[in-house]
Structure formats: C-alpha cells, structure tokens
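> Just so you know, the protein sequences line up as chains L and A, in that order.
All the letters of the first sequence, read from the start, carry residue numbers 13 to 128 under my numbering.
All the letters of the second sequence, read from the start, carry residue numbers 710 to 824 under my numbering.
By construction, the Cβ of each residue, glycine as well, lies at the ideal position given by its N, Cα and C atoms.
Once you've had a glance at the structure underneath, I'll fire off some questions.
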Amino acid sequence: AQKVTQAQTEISVVEKEDVTLDCVYETRDTTYYLFWYKQPPSGELVFLIRRNSFDEQNEISGRYSWNFQKSTSSFNFTITASQVVDSAVYFCALSDYGGATNKLIFGTGTLLAVQP
Amino acid sequence: EPEVTQTPSHQVTQMGQEVILRCVPISNHLYFYWYRQILGQKVEFLVSFYNNEISEKSEIFDDQFSVERPDGSNFTLKIRSTKLEDSAMYFCASSEEGRITHEQYFGPGTRLTVT
Numbered sequence: 013a014q015k016v017t018q019a020q021t022e023i024s025v026v027e028k029e030d031v032t033l034d035c036v037y038e039t040r041d042t043t044y045y046l047f048w049y050k051q052p053p054s055g056e057l058v059f060l061i062r063r064n065s066f067d068e069q070n071e072i073s074g075r076y077s078w079n080f081q082k083s084t085s086s087f088n089f090t091i092t093a094s095q096v097v098d099s100a101v102y103f104c105a106l107s108d109y110g111g112a113t114n115k116l117i118f119g120t121g122t123l124l125a126v127q128p
Numbered sequence: 710e711p712e713v714t715q716t717p718s719h720q721v722t723q724m725g726q727e728v729i730l731r732c733v734p735i736s737n738h739l740y741f742y743w744y745r746q747i748l749g750q751k752v753e754f755l756v757s758f759y760n761n762e763i764s765e766k767s768e769i770f771d772d773q774f775s776v777e778r779p780d781g782s783n784f785t786l787k788i789r790s791t792k793l794e795d796s797a798m799y800f801c802a803s804s805e806e807g808r809i810t811h812e813q814y815f816g817p818g819t820r821l822t823v824t
C-alpha cells in the first residue's frame, strides 16, 4: 500500500533556528519518486523538490536540504536559518507504480510557524 | 515558462447547484489530473484523464463528479449537485506523460465554497 506519514502536525520555531520536517513513506515498488511542496497561506502548491528512489544523495539548495534514507523509508527536509517567509504548510508526497497513472499520494502536511 | 491556469480562483455556490471548474493545462501535456484539498487537510487525488478517457479515479470521485476536455485547451471538473462537504480547494495538474518519470505541474487552485 502507498502511504506518506508526516507525524509532525505543527512546528513553531524562532527565526534563524534550523528546523527539520519529517516524512516517512510506504511503497511496495522499487522505483518511485518523492516530493516536497510548500503551501503558503495564499493556498497554491509550490514545488520544492523531486527525488527518485535510485538517487540517495542528499541535496542542498540554498537554505533547504533533503536527507533521503531508503533504509528507514524517510525523506526529511531541513530549513537552515529559518525566516518568517518560510511559514507555510509543507507536504511530502509519493508517486509510484501502484496505480494506473502517476498520481501523487500526499502526507497530511506539517504547519511550520516561524516567529520573528 | 508554461504554466497550468485555473478559473475561477474562488467560486461560491449554493448547495444542490452544479458547478464547473476550469483548467488550462500546459499545451503539450497529454495527462490531466484533479486533486482536492478540504480546508486544513491533505491533498487527495480525484481523477486522471488521458486521450479523452478517465485513466484512474479515487473512491472520492463518485457519480456526482465528471471530467471533460471540451476543446483542445480546457479541462473541466463538473460537480452535478454540490454538497456542503464539497467545499474545498481543487487543484488541476498536467504532465507530458503518465509515467512516474514525468513530473506533474499544478495550477494555483480554485477555492470552492458551498453554502
């Protein structure tokens, strides 16, 4: 079965703190893709990253970094030196061959509040 | 850069009314999707569409829902008789192909409010 779990419902940090958002996934497939999206208060989904299951290298993009560990089925997201503009809901998602098409299975999201 | 567009951005309708949400996918994309997000909840897959047919649908996508590609550019989601619980953000997405190697591009969403 396909499933994405984001156990952290809400996280509150003070500006400049580092914060890690957890994502654990379940899939029977060996080939799959993992995603992170940001949803600011305006409501749109902002694509952050897509990672395939064969690429376990960690990725860094500015203040954002992602730690993909197949051994623990986790794809965690770290924001370094958080800023107020990072306040949003963050969704982790999975796409695999479990369905007829490449639909995305989303986690329940983590609300990040960055206080000034 | 090409993008998926959705209209309207916000739709208010009365319970029992029909509503049509519109999407213009990226022009060379062949696969189209609708997702729903009830306020404060996760984004859920509704349906995927290819070659004028539904490719896959979720259990949420019941007989009240239908999708159509009425012309070469629009992709629509129709809800026949809206219920209060249909109030949600509806996202359209498109991709070049339906395999997982091909990324989906999301539109900005339509917020549907049923009163």
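(1) To the nearest angstrom, how far is it from the Cα of Ser757(A) to the Cα of Phe815(A)?
(2) Checking contacts by CB at 8 Å: is Val752(A) closer than that to chain L?
(3) Can you list, in chain order, the residues of the region 85 to 112 of chain L whose Cβ is nearer than 7 Å to any Cβ on chain A?
(4) Taking the straight line between their C-alpha atoms, what separation do you get for Ser718(A) and Tyr109(L)?
(5) Using a Cβ cut-off of 8 Å (strictly closer), state whether Glu56(L) contacts chain A.
(6) Is there a Cβ of chain A sitting closer than 8 Å to that of Val62(L), yes or no?
(7) Quick one: is Asp41(L) buried, meaning 16 or more other Cβ sit within 10 Å of its Cβ, or exposed?
(8) Please confirm whether Ile769(A) has its beta-carbon closer than 8 Å to some beta-carbon of chain L.
(9) Is there a C-beta anywhere in chain L that falls below 8 Å from the one on Glu777(A)?
(10) Can you tell me whether DSSP reads Thr824(A) as helix, strand or coil?
(11) Find the nearest neighbour of Glu806(A) within the set Ile729(A), Ser764(A), Cys732(A), judged by alpha-carbon distance.
(12) In chain A, which residues lie less than 7 Å from Leu116(L) when you measure between Cβ atoms?
(13) Cβ of Ser796(A) less than 8 Å from any chain L Cβ?
(14) Taking the alpha-carbon of Asn64(L) as reference, which of Leu124(L), Lys82(L), Gln51(L), Val16(L) has the nearest alpha-carbon?
(15) Which partner residues of Val97(L) appear in the DSSP bridge assignment?
(16) Let me see if you follow: with CB-CB separation under 8 Å, is Pro717(A) close to chain L or not?
(17) When you compare each of Pro52(L), Phe80(L), Val97(L) to Pro34(L) by their alpha carbons, which one comes out closest?
Straight from the coordinates:
(1) Ser757(A) and Phe815(A) have their alpha carbons spaced roughly 13 Å apart.
(2) Interface residue, yes.
(3) Against chain A - using a Cβ distance shorter than 7 Å - the residues of the region 85 to 112 of chain L are Phe103, Ser107, Asp108, Tyr109, Gly111, Ala112.
(4) Each residue's alpha carbon lies about 32 Å from the other.
(5) Taking a beta-carbon distance threshold of 8 Å, Glu56(L) counts as an interface residue toward chain A.
(6) Per the sequence shown, the amino acid found at residue 62(L) is Arg instead of Val. By this cut-off, Arg62(L) is an interface position.
(7) Label assigned to Asp41(L): exposed.
(8) By the rule that beta-carbons nearer than 8 Å mark a contact, Ile769(A) does not touch chain L.
(9) By this cut-off, Glu777(A) is not an interface position.
(10) DSSP places Thr824(A) in coil when its eight states are reduced to three.
(11) Residue Ser764(A) is the option with its Cα nearest to Glu806(A).
(12) Listed along chain A, the residues sitting closer than 7 Å to Leu116(L) by beta-carbon distance are Phe754, Gln813.
(13) Contact of Ser796(A) with chain L is not assigned, every C-beta pair being separated by 8 Å or more.
(14) Checked all of Leu124(L), Lys82(L), Gln51(L), Val16(L); the closest Cα to Asn64(L) is Lys82(L).
(15) Partner(s): none; Val97(L) has no beta bridge.
(16) Using a Cβ-Cβ cut-off of 8 Å, Pro717(A) does not count as an interface residue toward chain L, since no Cβ of chain L sits closer than that to its own.
(17) According to the sequence displayed, residue 34(L) carries Asp and not Pro. Here the closest residue by C-alpha is Phe80(L).
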